[in-house]
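So the structure is just underneath, and the comments pick up after that.
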Amino acid sequence: MSDSKDFILGVYDDEDVLLSAVGKIRGAGIKIDEVYSPFPVHGLDDELGYKKSRLPIAAFMFGILGTTLALTMQIWMLGIDWPMIIGGKNHVALPDFVPVTFELTVLLAAFGMVGTFLVSSDLKPWKDPKLLDIRITDDKHIMAIDLGQNKAVDAEKIGSALKDSGAVEVNDKKVEE
Amino acid sequence: MQVTSPVRKPLITGGKTVHDVTEDICRQVEAKPSKLWLMAFGISVVTLAIGFLAVAATLWEGIGMWGLNKTVGWAWDITNFVWWVGIGHAGTLISAVLLLFRQKWRMAINRASEAMTIFAVICAAMFPVLHMGRPWLGAYWALPLPNTFGSLWVNFNSPLLWDVFAISTYFSVSLVFWYLGLVPDFATIRDRATGIRKKIYGALSLGWDGAARTWSRYESVSLILAGLATPLVLSVHTIVSFDFATSVIPGWHTTIFPPYFVAGAIFSGFAMVLTLMIVTRQVFKLHDYITIEHIELMNIVIIVTGSIVGIAYITEFFIAWYSGVPAEQYAFFNRMQGPYWWAYWSMMTCNVISPQLFWSKKIRTSIAATFIISIIVNIGMWFERFVIIVTSLHRDYLPSSWAMFYPTVYDMGVYLFTFGLFFTAFFLFAKFFPVINMAEVKSIVKSSSEKTA
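Read top to bottom, the protein sequences are chains R and Z.
If you're matching positions, the first sequence starts at 0 in numbering that gives the first Met the number 0 and goes up one per residue.
If you're matching positions, the second sequence starts at 0 in numbering that gives the first Met the number 0 and goes up one per residue.
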């Protein structure tokens with residue numbers, strides 16, 4: 000029992016029904032473990048009470064890092080390490096450094112943010128997703144309720160709450176850890 | 000929730016359900032390759048192989064095999080480079096700029112146009128790389144690497160170097176954007192597949208499980224990437240135009256170049272997307288996803304950018320006359336009346352006149368007309384680069400060094416090689432990857448699809 004989890008899965012086939020269902024289930028004092036969808040449902044994260052992602056901050060930090068690196072590199076190479084007169088311009092001709100600085104800012108911001116996203120969402124090629132229902136990636140939204148997290152509420156009651164909220168199916172699922 | 004105007008025509012026709020989307024798009028990936036696909040793929044590979052002979056000759060003998068001479072030191076190669084990079088502009092424009100503007104019609108076409116972008120940029124890169132003569136040493140000339148040639152760094156004052164950074168950043172950010180979009184769709188294919196296919200698509204899908212928390216992060220990553228990619232799209236061709244605009248060659252030394260090049264790039268990119276999408280739509284029977292509405296909207300973008308290009312041509316001409324600089328005036332007179340008059344007038348006809356036909360609703364909603372005009376536009380855009388590059392160079396300040404440029408068979412072979420590369424890659428993509436972004440299209444099935452009563 001300790002190394003397995005019991006889930007009750009509510010299966011929904013309409014994103015608007017799902018959205019209102021999330022509110023109803025949470026209103027009834029049932030804790031939702033996670034909702035799985037085949038496509039992004041706008042507003043679902045707010046309904047589930049998830050905090051706003053901090054990934055934009057990560058992108059900004061990586062961007063600043065890119066700007067700093069690019070400027071340092073160009074000023075050091077052409078201004079300090081090996082100064083050369085090119086077309087009679089200053090050794091450190093800042094306007095000329097703008098394009099490369101811009102590109103490296105974007106490059107580091109994009110790669111840094113996507114890398115952070117992959118790590119924080121634990122996405123990697125050798126991972127087995129252990130889907131609770133195979134139809135998640137096709138056309139069904141699955142609301143997973145972990146019985147371990149809802150000891151206070153009767154399993155029967157959860158099932159009927161799911162049905163009342165518009166679930167087209169209610170299934171039990173045991174997951175071995 | 001977003002409010003969609005009821006006036007908007009449905010983006011998906013045929014009363015599709017979410018499950019139908021999975022079926023329709025996965026069918027191509029799962030089916031055995033059709034005869035038509037095998038034939039098209041075979042032709043591409045043969046083209047690639049024939050073109051490779053020219054590439055091999057260029058590498059073995061050197062770039063003396065090309066038709067360049069002392070006066071015209073840049074011609075065919077840079078024309079093709081700018082042409083391919085221009086084509087590579089539409090994909091990220093569609094997926095990033097249209098995402099920021101919340102244009103939902105992008106969803107059916109963004110996947111294939113992003114793929115097109117990536118392959119076009121690879122083709123573009125072939126030309127500067129081969130022009131190095133010894134590409135295996137090229138990294139030292141193009142990247143700021145420590146070397147033993149003396150502590151000599153690359154020249155950060157040069158637009159050619161900016162190009163290296165601009166195009167490699169554009170390529171890698173577009174690649175990441177494209178791949179990220181593919182991940183949920185790979186998961187869909189994974190969950191339908193068995194055996195080795197399940198393993199491959201499983202690895203590609205990075206263990207995607209569709210959790211709401213992941214989707215929420217994914218959406219914010221897409222939005223920020225779009226925000227980052229938007230100035231990137233505009234910067235790439237701006238920097239390409241600097242290659243010319245910062246020099247003192249008459250006909251190149253103009254401040255109009257950056258916006259003019261960007262408009263031209265979007266113009267040719269959309270034309271190429273149309274060419275490819277019309278074929279893909281026909282072959283894979285995607286009429287319900289890529290509708291006439293999509294084709295019409297893309298044609299409107301072509302009218303707008305084509306007209307900007309037309310105005311740029313006229314402005315350039317006027318300014319050459321108005322400047323009172325004889326070299327500048329001669330350069331433009333020579334374009335129109337000189338030995339390359341046919342290239343100039345092909346450019347004018349294909350780029351200025353042909354897109355104006357789309358003002359007629361009948362023409363812009365006709366698939367055959369769109370297909371033909373989209374090809375004409377890209378021929379015109381090739382001539383535009385040829386005219387800018389070759390006619391400005393071939394008669395420079397010193398009449399004794401005036402010369403003509405004629406491409407050799409090796410020039411043409413290398414161009415053929417990039418066509419082979421482009422289509423080989425595109426056909427592989429079309430067969431093994433989902434050509435339409437399933438997850439995104441599914442999200443608009445309810446709001447934008449034609450309801451079956």
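Every residue, glycine too, gets a C-beta built ideally from N, C-alpha and C.
Only a predicted model underlies this, so the values are computations on that prediction, with no experimental measurement involved.
Excluding its 5 nearest sequence neighbours in each direction, residue 69/R has C-beta neighbours in its own chain below 6 Å: 99, 100, 103, listed in chain order.
At a beta-carbon threshold of 7 Å, the residues of chain Z lying near residue 72/R are 143, ordered along the chain.
Contact between the region 62–77 of chain R and the region 201–211 of chain Z is absent: fewer than 3 CB-CB pairs across the two stretches fall below 8 Å.
Between the region 219–228 of chain Z and the region 93–100 of chain Z, the count of Cβ pairs shorter than 8 Å is three or higher; the stretches touch. Two segments are said to touch when three or more pairs of C-beta atoms, one from each, lie closer than 8 Å; by this definition the region 156–166 of chain Z touches the region 231–248 of chain Z. Taking C-beta separations shorter than 6 Å and ignoring five residues to either side along the sequence, the partners of residue 13/Z in its chain run 287, following chain order.
Annotated three-state conformation of residue 170/R is strand, per DSSP.
When C-beta distances to chain Z are compared with 8 Å, every residue of the region 161–172 of chain R stays at or above that value. The C-alpha of residue 349/Z is placed about 19 Å away from the C-alpha of residue 295/Z. Rounded to the nearest angstrom, the gap between the Cα atoms of residue 132/R and residue 126/R is 17 Å. Using beta-carbon distances, residue 86/R counts as an interface residue toward chain Z, with a partner under 9 Å. Around residue 293/Z, the same chain offers 104, 107, 108 as residues with beta carbons nearer than 7 Å, after the five sequence neighbours per side are excluded. When the five nearest sequence neighbours on each side are left out, the beta carbons in the same chain lying within less than 6 Å of the beta carbon of residue 394/Z are those of 333, 401, in order along the chain. Under the Cβ distance rule, residue 10/R does not count among the residues neighbouring chain Z, no pair being separated by less than 9 Å. Within the DSSP bridge table, the entry for residue 35/R names 141/R, 210/Z as partners. A distance below 9 Å separates the beta carbons of residue 444/Z and residue 20/Z.
DSSP lists 175/R as the bridge partner or partners of residue 3/R. Exposure of residue 45/Z is indicated by the presence of fewer than 16 other C-beta atoms within 10 angstroms of its C-beta.
DSSP, read as helix, strand or coil, puts residue 8/R in strand.
Counting every other CB atom within 10 Å of its CB across the protein chains shown gives residue 53/R a total below 16, marking it as exposed.
The closest CA to that of residue 121/Z, considering only 161/Z, 170/Z, 408/Z, is found on 170/Z. For residue 84/Z, there are no neighbours in chain R by C-beta distance under 8 Å, as the nearest C-beta there is about 14 Å away. The beta-carbon of residue 174/R is placed no less than 9 Å from the nearest beta-carbon of chain Z. Straight-line spacing of the CA atoms in residue 276/Z and residue 51/Z works out to 27 Å.
Each residue's CA atom was taken as its position, placing residue 246/Z and residue 74/Z some 16 Å apart. Residue contact with chain R for residue 431/Z: absent (no Cβ-Cβ distance below 9 Å to any residue of chain R). Under a criterion of Cβ atoms nearer than 8 Å, the residues of chain R adjacent to residue 18/Z are, in order, 137, 138. Around the Cβ of residue 285/Z, a 10 Å sphere holds 16 or more other Cβ atoms; the residue is buried. Taking the Cα positions, residue 145/Z is about 21 Å away from residue 95/R.
For residue 81/Z, the closest Cβ of chain R is not nearer than 9 Å. By the rule that beta-carbons nearer than 9 Å mark a contact, residue 19/R does not touch chain Z. Against residue 220/Z, the close residues of chain R are 54, 112, 113, 116, in the order they occur along the chain (beta-carbon pairs closer than 7 Å). Your pair residue 7/R and residue 171/R checks out as a contact, with CB atoms roughly 6 Å apart and the cut at 8 Å.
Contact annotation: the region 147–156 of chain Z does not touch the region 178–196 of chain Z, with fewer than three C-beta pairs closer than 8 Å. Within chain Z, the residues placing a beta-carbon under 8 Å from that of residue 101/R are 230, 234, ordered along the chain. For residue 412/Z, the uninterrupted alpha helix (DSSP H) run begins and ends at 408–431, by DSSP.
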